[in-house]
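Chains A and B, in that order, give the protein sequences.
Under the working numbering, the first residue of the first sequence is numbered 5, with each subsequent residue one higher.
Under the working numbering, the first residue of the second sequence is numbered 5, with each subsequent residue one higher.
The C-beta atom is built at its ideal place from N, Cα and C for all residues, glycine as well.
Structure, as structure tokens:
There are 2 protein chains.
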Amino acid sequence: MDERSQSRIEITFEPSGRRVNAAPGATVMQAARQGGVSLASDCGGRGTCGRCRVRLLAGEVSPAGEDEQAWLTLRELQDGHRLACCCHLRSDAAVHVPPHSRTAEQRLQLDGGGRRAAGEPVIRAVALQGPAPTLDDARCDTARLTPAAADDARGRWRIEPAVVRRLSPLARRWDYRLTGYLRGDRLVGVAAPAARPVGLALDVGTTKIAGYLLDLDSGRQLAARGVMNPQIAYGEDVIQRLDHALVEPGGARVLADCVWREIDALLGWLCDRAGVEREQVAEVCAVGNTACMHLLLELPVAQLAASPFVPACCAPLELPAREVGLGTAVGARLYTPPCIGGFVGADCAAVLLAAELDRAAAVTAAVDIGTNTEIALAVPGRDALLATSCASGPAFEGAHIHQGMRAAPGAVESVRLEEDGVQMAVIGDVPASGICGSGVVAALAELVRRGGIDRRGHLRRGFAGVRAGAQGRELLLVAAAAGGAAADIVLTQRDVEAIQLAKAAVRSGFDALLEHAGVAAAEVERVVMAGAFGCHLPLAAVLDIGMFPPLPRATFEPAGNAAGQGAKLMLLSADERRRAQAVARRTRFVELKTTPGFNQRFARALRFSPGQPEKKNQ
Amino acid sequence: MDERSQSRIEITFEPSGRRVNAAPGATVMQAARQGGVSLASDCGGRGTCGRCRVRLLAGEVSPAGEDEQAWLTLRELQDGHRLACCCHLRSDAAVHVPPHSRTAEQRLQLDGGGRRAAGEPVIRAVALQGPAPTLDDARCDTARLTPAAADDARGRWRIEPAVVRRLSPLARRWDYRLTGYLRGDRLVGVAAPAARPVGLALDVGTTKIAGYLLDLDSGRQLAARGVMNPQIAYGEDVIQRLDHALVEPGGARVLADCVWREIDALLGWLCDRAGVEREQVAEVCAVGNTACMHLLLELPVAQLAASPFVPACCAPLELPAREVGLGTAVGARLYTPPCIGGFVGADCAAVLLAAELDRAAAVTAAVDIGTNTEIALAVPGRDALLATSCASGPAFEGAHIHQGMRAAPGAVESVRLEEDGVQMAVIGDVPASGICGSGVVAALAELVRRGGIDRRGHLRRGFAGVRAGAQGRELLLVAAAAGGAAADIVLTQRDVEAIQLAKAAVRSGFDALLEHAGVAAAEVERVVMAGAFGCHLPLAAVLDIGMFPPLPRATFEPAGNAAGQGAKLMLLSADERRRAQAVARRTRFVELKTTPGFNQRFARALRFSPGQPEKKNQ
């Protein structure tokens with residue numbers, strides 16, 4: 005035992021700072037998977053796709069082999085770039101995972117470690133067979149094809165015309181032996197003999213859409229991919245999109261159509277990747293926030309866009325997938341889980357399900373940070389489940405930041421204000437051209453730690469790098485001359501304020517939930533950080549800017565795309581759907597606007613707790 | 005009692021020959037309704053629509069009042085034309101009901117006398133209400149609107165996006181008080197407060213479509229109308245249409261679309277007439293023969309169009325009515341009852357249900373004469389229900405007859421070969437321009453009775469009026485000079501053969517069913533004559549040409565549009581649907597082509613049993 009524990013080595017993944025113990029000789033990818041760190045891979049770790057690039061920051065590893073030399077230039081190899089799947093660990097090490105190696109597609113691989121779906125499957129494949137027709141046996145095709153298994157009584161299922169249209173020609177093509185996909189007693193699709201049923205789980209976010217193709221028999225994930233939500237063209241946040249749907253003639257239809265077209269293309273890609281036919285896609289499950297679900301299903305939004313923000317429908321909904329234009333098995337249904345209330349949507353229900361907050365043994369919070377941040381709190385002792393939504397805005401995603409940009413090459417994604425100047429990481433080994441959400445948060449945290457900012461968030465005059473800019477004070481991060489950029493990269497006072505408002509929204513929401521539940525912050529034993537942002541924001545920085553009450557770092561648990569994981573569970577299992585419905589019913593939606601004292605709490609949450617300004621900067 | 009029976013008078017309706025006992029002073033319309041004789045009326049018998057014109061052939065009636073004088077010309081009044089609703093009977097009488105006074109719309113009124121639907125309604129209207137939203141109550145609209153009645157637990161129903169789209173705006177328009185239409189636990193529509201649910205029953209025939217709008221609460225018929233089936237443009241019989249659907253690219257879609265467009269227009273007319281909104285139309289039930297149902301629902305027809313004529317699906321089907329383009333309540337379903345097998349379709353199931361053959365106490369047959377004639381036989385002692393379909397062809401409808409035409413003005417509809425020449429009735433008091441189905445059958449029956457034809461159906465040379473024509477022998481009915489027509493109206497040898505084939509098809513099918521059931525013809529106690537044809541063919545003539553075994557005339561019972569009546573029962577009641585499904589399952593489809601000895605039976609059925617040629621004709 006002793007020997008074994010001694011033989012473990014520790015690897016730190018940056019920028020998340022996640023530490024994983026691995027056996028010597030394990031690849032970086034094996035360690036990443038083991039620790040739930042997202043790493044892109046199309047080939048499954050065989051060194052043939054080149055997607056899992058990482059940069060070695062410290063430690064000893066195996067020399068680069070032929071596979072790696074085929075994907076990386078000499079210069080890249082010299083700079084420490086490696087393929088995670090080919091790079092074997094020989095000592096404690098630290099690697100940096102660049103953003104292009106942690107795509108949405110890959111975040112999904114995290115969820116391989118998620119719990120398995122329990123209970124009754126939504127779709128059951130049955131072998132159908134029957135004799136060829138004769139003059140003496142001219143029964144209709146529907147009655148002719150009966151389940152081979154004895155437990156399915158003949159003709160007990162219901163069928164719809166669209167499925168009959170496929171059944172008759174397909175029966176003749178396959179000599180009266182087919183696979184049928186049963187959803188309860190409804191035959192939703194027919195396919196070639198032994199064609200396994202697959203399903204599509206969707207997490208439709210304001211910015212990104214994650215799609216997962218699953219084998220509905222085994223629950224195994226066959227393919228996954230993330231794409232941008234094309235509704236962005238109609239507004240970066242959901243309020244703008246609701247407005248477009250309301251004001252523009254046919255706007256609601258346009259918004260729904262563009263996203264379903266994108267999803268249908270995504271489905272085509274996933275089917276190709278998994279080597280399955282579209283007619284095998286027997287079920288679809290989509291989650292998103294309340295506004296997103298309304299826009300997806302063209303539900304009325306007038307009453308949702310104005311106070312008191314009333315959803316048209318929070319109940320789970322079902323409709324034929326073909327109605328939204330998806331090329332699936334003809335009778336496949338699109339299922340959308342219940343929303344909880346206000347803007348707390350089906351995605352939050354999915355998070356609660358995936359993180360099992362309904363069965364939490366200790367006080368547990370789940371936070372899904374985004375343009376809208378959903379926060380949920382489970383207090384087992386009081387049998388309470390609460391959820392709220394705060395308009396944290398897009399600042400964390402680099403929007404509304406003076407030189408903000410998405411996490412793409414050229415983005416400053418990590419900042420340290422060292423004594424000898426600013427140290428930073430830029431995505432993609434190109435000159436810095438802007439700053440992404442994690443860079444802004446990291447820079448702000450450094451200002452807080454080192455006293456470069458006061459309690460109210462004002463940049464301190466005289467702090468190293470702080471200067472007067474066109475719009476007030478600003479912190480110089482990269483001088484144009486040094487960085488090769490067209491202009492200096494700076495963090496402005498307004499940028500600070502944008503993040504300040506965002507963190508105050510999250511913090512005050514979190515505190516309000518605690519107060520509603522009558523729970524002290526210190527009682528929270530676990531905070532599930534769901535979503536891309538929760539996994540990729542530098543946790544230390546997040547804590548230092550005061551976005552959460554001061555809790556031990558170990559309290560925070562990145563959960564990958566928990567909404568996607570919940571969607572997958574509900575794609576697979578009718579019992580998981582029932583459980584999510586029970587969770588949604590149980591969860592009390594807390595409207596922050598009507599919570600007494602909320603404004604004061606928000607004002608408090610705006611404050612920072614800066615350290616002492618360092619001597620040399622005074 | 006004696007006095008009362010003495011006070012009854014008898015009125016005979018031509019051309020059906022139906023005799024009805026009525027009280028002196030009753031109107032002709034009252035007598036007609038009492039006896040189940042179809043008579044058009046839009047005003048319900050108030051003398052304000054002018055649709056119930058009849059011609060008095062014999063008897064004493066009240067003088068024409070002002071209402072009648074407003075609708076009828078002096079000439080028409082002199083010729084005995086009257087409005088049935090204004091004409092009071094003073095003695096035994098005989099009236100002729102011209103075809104335009106017996107439209108499909110009116111045949112439906114027959115069915116007012118049909119049995120009431122039993123059991124659980126398909127659609128239930130519930131009053132929905134809830135408080136207006138506030139900041140403290142921002143529940144979704146679906147949860148907000150709950151049934152007013154205590155027995156409907158809140159939120160128990162399922163809802164689909166299309167219904168949600170209506171719900172939110174309508175709730176605000178009606179101050180959170182609405183009517184919801186529940187179909188089981190599914191909310192299929194919402195409407196103004198207290199808006200009663202209505203439904204559309206359809207009998208889609210090869211030639212005509214009958215539509216009935218019913219109040220789904222009371223079962224009361226609100227409006228009815230018959231229109232032509234526009235698929236006629238693609239072929240007079242279903243085989244031609246199946247061919248069109250198979251051969252022409254997009255043909256199936258074109259055939260379905262044209263008929264649903266016509267039905268949607270029909271629905272609009274019915275709603276206008278009944279003064280209801282389309283969103284009140286909460287359910288649709290359509291029956292037709294198997295081929296017709298396949299064409300309506302675009303089911304595959306390749307396997308139905310060729311031996312062994314396998315339907316794609318005989319099971320009952322359901323789909324959203326909007327999928328076929330009907331403007332109904334957004335979530336309304338179109339239900340199609342089970343087909344029985346081969347070409348014996350949902351219309352036959354509807355006839356069996358309406359005529360209650362499943363509960364027949366004696367040996368009972370039901371016959372629905374048309375281009376395809378369906379025959380069913382119930383043998384209670386042997387717990388047997390059998391059905392078959394015979395290709396009787398369109399000759400009964402005047403097609404494939406040399407000078408055949410539909411029953412429209414100018415058609416010879418009744419013929420008597422009197423000693424002093426041919427007596428006939430022509431529809432509409434215009435010169436004869438052709439001969440319709442009942443005229444052909446009547447003429448042929450006269451030939452049989454008077455020996456103008458031999459056993460094999462050859463016109464006898466030397467019989468009065470028989471002459472050599474361009475295509476063999478022919479019987480002169482109207483000389484061009486006398487009739488005012490452009491040409492002589494004749495019945496050709498080929499016409500005789502067309503009817504001969506048709507009657508042989510029906511007779512051999514009838515006999516085959518009897519043989520399958522092991523029942524002698526004399527055991528048949530009741531023959532339900534369903535459909536327009538069964539009601540309007542001159543029964544004596546039908547019997548004299550040998551279309552049925554020699555049974556007493558009283559055995560035959562015109563049942564009006566029994567298929568439409570069955571559709572109405574199934575529109576209203578889930579229990580009637582279950583009963584129809586049980587009937588369809590129980591009914592054994594008999595394929596005539598594979599019945600041993602069928603060809604010999606068919607050959608026998610071709611024969612006539614002519615009387616002795618009359619002396620004066622020899």
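**Q.** Proximity of D351(B) and D207(B) at Cβ, strictly below 8 Å
**A.** yes
Q) Taking the C-alpha atoms as reference points, what is the distance between G223(A) and G215(A)? A) 15 Å
Q: Tell me whether the beta-carbon of S418(A) lies closer than 8 Å to the beta-carbon of V126(A).
A: no
Q.
For a cutoff of 8 Å on Cβ pairs, would you count A2(A) as touching chain B?
A. Nothing can be reported for residue 2(A), as the shown portion of chain A is limited to 5 through 622.
Q) Counting only runs that start and end within the stretch 302-365 of chain A, where is the alpha helix (DSSP H) found for 4 or more residues in a row? A) 350-358
(Q) If you follow the beta strand (DSSP E) that C394(B) is in, where does it begin and where does it stop? (A) A388 to C394
Q) Taking the C-alpha atoms as reference points, what is the distance between R337(A) and D387(A)? A) 34 Å
Q. Hey, is the stretch 581-594 of chain A in contact with the stretch 395-404 of chain A, meaning 3+ C-beta pairs nearer than 8 Å?
A. no
Q) So, does the CB of C394(A) fall closer than 8 Å to a CB anywhere in chain B? A) no
Q | Start and end residues, beta strand (DSSP E) containing I15(B) | A | I13 to E18
Q.
List, in chain order, every chain A residue whose beta-carbon is nearer than 7 Å to that of R169(B).
A. E302, L303 and P304
Q: Using 7 Å as the cut-off, classify the Cβ of A309(A) as near or not near the heavy atoms of the ligand MG, replying yes or no.
A: By its list of ligands, the structure shown contains no ligand whatsoever, and the ligand MG lies outside what it can speak to.
Q.
So G134(A) and A286(A) are supposed to be a Cβ contact under 8 Å. How far apart are they, rounded?
A. Going by Cβ atoms, the distance from G134(A) to A286(A) rounds to 21 Å, so no, they are not a contact pair.
Q. Along the chain, where does the alpha helix (DSSP H) that runs through L480(A) open and close?
A. Segment G476 to V482 is the beta strand (DSSP E) holding L480(A); no alpha helix (DSSP H) there.
Q) Measuring CA to CA, which of C394(A), E124(A) and L274(A) is closest to A508(A)? A) C394(A)
Q. Should L541(B) and I373(B) be called a contact, given that it needs their Cβ atoms to be closer than 8 Å?
A. yes
Q | Same chain, Cβ closer than 8 Å to T146(B), five either side skipped, listed in chain order | A | G159, I163, V168 and L171
Q. Quick one: which chain A residues come within Cβ less than 8 Å of Q307(B)?
A. P137, D145, S172 and R176
(Q) Ignoring anything shorter than 4 residues, give me the alpha helix (DSSP H) runs that lie fully in the stretch 562-603 of chain A, in order along the chain. (A) 566-576 and 578-590
Q | Residue burial classification, D2(A) (beta-carbon count within 10 angstroms, cutoff 16) | A | Any answer about residue 2(A) is impossible in this case: the structure gives chain A only from 5 up to 622.
Q.
Can you confirm whether S512(A), when its beta carbon is compared against all beta carbons of chain B, has any partner nearer than 8 Å?
A. no
Q | Buried/exposed call for T138(A), threshold 16 Cβ in 10 Å | A | exposed
Q) With C-beta atoms as the reference, is L61(B) less than 8 Å away from H92(B)? A) no
Q. Does the beta carbon of C317(A) sit closer than 8 Å to a beta carbon anywhere in chain B?
A. yes
Q) Taking 8 Å as the CB-CB limit, is I243(A) close to chain B? A) no
Q) So, are the CB atoms of L43(A) and C56(A) less than 8 Å apart? A) yes
Q) With 8 Å set as the bound, which would you pick, yes or no: does the beta-carbon of F347(A) sit closer than that to a beta-carbon of chain B? A) no
Q.
Quick check: what's the CA-CA separation for I13(B) versus R120(B)?
A. 29 Å
Q: Work out the CA separation of D179(A) and K597(B) for me, nearest whole Å.
A: 25 Å
**Q.** Inter-residue spacing [alpha-carbon to alpha-carbon] between G623(B) and R608(B)
**A.** A query on residue 623(B) cannot be resolved here, the shown segment of chain B reaching from 5 to 622 and no further.
Q.
Only counting the same chain, and skipping five residues up and downstream in sequence, which positions put a Cβ closer than 7 Å to that of A306(A)?
A. L250
Q) Is P646(A) buried or exposed, if buried means 16 or more other CB atoms sit within 10 Å of its CB? A) Beyond the ends of chain A as shown, which are 5 and 622, falls residue 646(A); an answer cannot be given.
Q | Listed by chain order, chain B residues near A322(A) by CB distance under 8 Å | A | A small fix is needed here, since residue 322(A) is Glu in this sequence, not Ala. Ordered by position in chain B, the residues that pass the 8 Å Cβ test against E322(A) are R162 and E164.
Q. Going along the stretch 578-603 of chain B in order, which residues come within less than 7 Å of chain A, judged by CB to CB distance?
A. E595, K597 and T598
Q. If you count every other CB in all the chains shown that lies within 10 Å of the CB of A544(A), and 16 or more means buried, which is it?
A. exposed
Q: Let me know the secondary structure DSSP gives T211(B) once reduced to three states.
A: coil
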